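Novice: Below is one structure. I have some questions about it.
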Amino acid sequence: MNKKSKFTQETLDKINKGEKSESTVKKRRLSRIVLFIDIIIIVLIVVFVTRKDDDIKYYSSSLSLNHLEYRFSIVREKESRNYLFSLSIKSNSTTESKFIYEKSIAQLTIHYNEDIIYSSTIGNNVTSIDLLPGELKRFVIDITADNFNNYAKEHTEHLIHEKRSLWESEKKYLPLSIIIKLNTREAVSTTLSFNHEVE
Numbered sequence: 320m321n322k323k324s325k326f327t328q329e330t331l332d333k334i335n336k337g338e339k340s341e342s343t344v345k346k347r348r349l350s351r352i353v354l355f356i357d358i359i360i361i362v363l364i365v366v367f368v369t370r371k372d373d374d375i376k377y378y379s380s381s382l383s384l385n386h387l388e389y390r391f392s393i394v395r396e397k398e399s400r401n402y403l404f405s406l407s408i409k410s411n412s413t414t415e416s417k418f419i420y421e422k423s424i425a426q427l428t429i430h431y432n433e434d435i436i437y438s439s440t441i442g443n444n445v446t447s448i449d450l451l452p453g454e455l456k457r458f459v460i461d462i463t464a465d466n467f468n469n470y471a472k473e474h475t476e477h478l479i480h481e482k483r484s485l486w487e488s489e490k491k492y493l494p495l496s497i498i499i500k501l502n503t504r505e506a507v508s509t510t511l512s513f514n515h516e517v518e
């Protein structure tokens, strides 16, 4: 009996006895390892996607008034975890124009319902601005998150609890609103809502 016939006969004997060939065992072992690695990769991707948080949260609104476009925005910085509030004023006039304000550009207050948590003046002592057509001026205020964290600690009943996945720890939010009152002759005000994630 040649080697080929002998190997074939041994393979047939193993099949009849219910034994698996070494190559089949190795292939199954390898396929199980590959499947295990695939499962780990899928789990890691799911964890990464579900836990990925928008560290930089951006909220904005705008309004037009007397040939001016006002844009209000608030963004939370990734590293400091504080907020930057920005007021941008852009001229839609076709000519260079002077725009008048009373004592300051605007007043900013941040509320939870009727409670005022933070207030500030935007453009203090700025009573007028001159803008060319399409020109834009920006006023920025740095707001520490401690203002909101301290309030949240004292009023835990106001917090919204959120858990988006099994892998993600529960997050707590404080829903807040910013009221911006423009110190124009018409004394216009607008509101911008945002959620503060409590540390």
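Residues 320 to 518 (the working numbering) make up the sequence shown, in order. All C-beta atoms, glycine included, are put in the ideal place defined by N, C-alpha and C. Values in this document were obtained by computation on a predicted structure and should not be read as measured data.
Using three-state DSSP, classify Thr463 as helix, strand or coil.
Specialist: Your numbering for residue 463 matches position 144 in the sequence shown. Reduced to three states, the DSSP call for Thr463 is coil.
Novice: Quick check on the DSSP output: the beta strand (DSSP E) that includes Arg395 runs from which residue to which?
Specialist: As a first step, residue 395 must be located in the sequence shown, where it is residue number 76. Residues Leu387 to Arg395.
Novice: Taking 8 Å as the threshold (C-beta atoms), are Ser410 and Leu387 in contact?
Specialist: In the sequence shown, counting from the first residue as 1, residue 387 sits at position 68. In the sequence shown, counting from the first residue as 1, residue 410 sits at position 91. Yes.
Novice: So, with DSSP's three-state summary, where would you put Asn444?
Specialist: As a working note, residue 444 is residue 125 in the sequence shown. Looking at Asn444 - three-state DSSP - the assignment turns out to be coil, as it is neither helix nor strand.
Novice: What number of angstroms, rounded off, separates the C-alpha of Leu511 from the C-alpha of Ser379?
Specialist: Position 192 of the sequence shown, counting from 1, holds the residue named residue 511. Position 60 of the sequence shown, counting from 1, holds the residue named residue 379. Answer to the nearest angstrom: the Cα atoms are 7 Å apart.
Novice: Per the DSSP calculation, Leu450 is bridged to which residue(s)?
Specialist: Stepping through the sequence shown from its first residue, residue 450 is reached at position 131. Paired residue(s): Ser416.
Novice: By the three-class DSSP mapping on this structure, what secondary structure does Lys491 have?
Specialist: To locate residue 491, count along the sequence shown from 1; it is residue 172. Correct three-state label for Lys491: strand.
Novice: Assuming Tyr431 and Tyr470 make a contact with CB atoms under 8 Å, what is their CB distance in whole Å?
Specialist: Here residue 431 corresponds to residue number 112 of the sequence shown, with the count starting at 1. Here residue 470 corresponds to residue number 151 of the sequence shown, with the count starting at 1. Between Tyr470 and Tyr431 the Cβ distance is about 7 Å, and since that is below 8 Å, they are a contact.
Novice: According to DSSP, simplified to helix, strand and coil, what is Asn468?
Specialist: Position 149 of the sequence shown holds residue 468. In the structure shown, Asn468 adopts helical secondary structure according to DSSP, grouped into three states.
Novice: Please determine, among Ile436, Thr414, Thr509 and Ala425, the residue with the shortest C-alpha to C-alpha distance to Val445.
Specialist: One-based indexing of the sequence shown puts residue 445 at position 126. Of Ile436, Thr414, Thr509 and Ala425, the residue nearest in Cα terms is Ala425.
Novice: For His430, which residues does DSSP report across the bridge?
Specialist: Translated into positions along the sequence shown, residue 430 becomes position 111. Answer by DSSP bridge pairing, in chain order: Ile435 and Ser496.
Novice: Residue range of the beta strand (DSSP E) that Thr510 falls in?
Specialist: What you label residue 510 is simply residue 191 of the sequence shown in a count that begins at 1. First-last of the beta strand (DSSP E) with Thr510: Ser508 to Glu516.
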